[in-house]
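Before any comments, here is the structure.
In the working numbering, the protein residues as written are 28 to 333.
Set out below in structure tokens:
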């Protein structure tokens, strides 16, 4: 029987696991669990005889692929997949997929939770500002970016976006102003929300020179990836510009240094973008459905390695 391993150091909610089981077992696939594991050796032992793996933020590298002799597909329950070694997967003839869109609303709602917190001075009792009428810049107009734009309309914000891979016409069809460059977005907007993946082009790209283009009193929100921030340069800029604020759900490596910027910096203790019951269920069940479609129909629609 085809066997699916749910390998989650940070487990799915029980209702999500139940949904994965229901979808998988209805198609004649067996589901096994490895939750809250503490050693990589536990993961290596668990993958030895499985055909498919569903993961969250768990790292799947060449050593895991070597240990998983029967493995044919890995699905990352979420949008990002930089925790999977795609080159190693391809070398082992393993298909890697993500589940785009399943966590998007959860991440977008978190953006506004942190934004309101920031513009109200982290609820310190002092007068803050409102989001209404402010210029919001969305960097990367994918599933999350679109959800951010939808919510921003309810706040009556002036919405801009830049995405090198999304046509301006598609952005403007949603009632969002498309700008021609990343620089223009930062020069124009008082609030920037980052939704870029961590790639060779984007790592460390949010740096001193770019962020320094922001208008006075701007807020930078990062619910994307830690790697896109040039932490030393952002810290240096914020030390020089007391008007800037930075909020994120990905704790920087230099968190202790950023915390010296009292009243201008906030990070959640761990990544929170997809931490809702709904997103948990949506992504897990979507992963199971994609695995079933892969084995039953040969469907590779969401494959991210080639």
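Note that beta-carbon positions come from the ideal geometry of N, C-alpha and C, so glycine has one too.
Fair warning: this is a prediction, and the values are worked out from it, not measured in the lab.
Can you tell me the Cα-Cα spacing of residue i and residue j, whole angstroms?
i, j, result
"residue 302", "residue 294", "15 angstroms"
"residue 323", "residue 98", "16 angstroms"
"residue 291", "residue 299", "20 angstroms"
"residue 165", "residue 55", "43 angstroms"
"residue 50", "residue 169", "27 angstroms"
"residue 154", "residue 144", "12 angstroms"
"residue 311", "residue 219", "30 angstroms"
Pick from the options: whose alpha carbon is nearest that of residue i?
i, options, result
"residue 270", "195, 88, 240", "240"
"residue 262", "287, 33, 76", "287"
"residue 274", "314, 50, 137", "137"
"residue 296", "115, 277, 284", "277"
"residue 141", "242, 65, 158", "158"
"residue 225", "212, 251, 202, 238", "251"
"residue 59", "76, 68, 146", "76"
Name the one or two DSSP bridge partners that residue i has.
i, result
"residue 102", "81, 124"
"residue 187", "164, 204"
"residue 111", "87"
"residue 33", "60, 81"
"residue 273", "247, 292"
"residue 218", "163, 246"
"residue 330", "124"
"residue 256", "233"
Rounded to whole angstroms, how far is the Cβ of residue i from the Cβ of residue j, which I believe are closer than 8 angstroms?
i, j, result
"residue 217", "residue 176", "Not a contact, Cβ separation roughly 16 angstroms."
"residue 90", "residue 71", "7 angstroms"
"residue 74", "residue 95", "4 angstroms"
"residue 115", "residue 88", "6 angstroms"
Under 7 angstroms, do residue i and residue j count as touching if we go by C-beta distance?
i, j, result
"residue 130", "residue 108", "no"
"residue 234", "residue 249", "no"
"residue 28", "residue 66", "no"
"residue 307", "residue 40", "yes"
Is the shortest distance between the beta-carbon of residue i and the beta-carbons of chain B less than 7 angstroms?
i, result
"residue 264", "The structure shown has no chain B; it contains just one protein chain."
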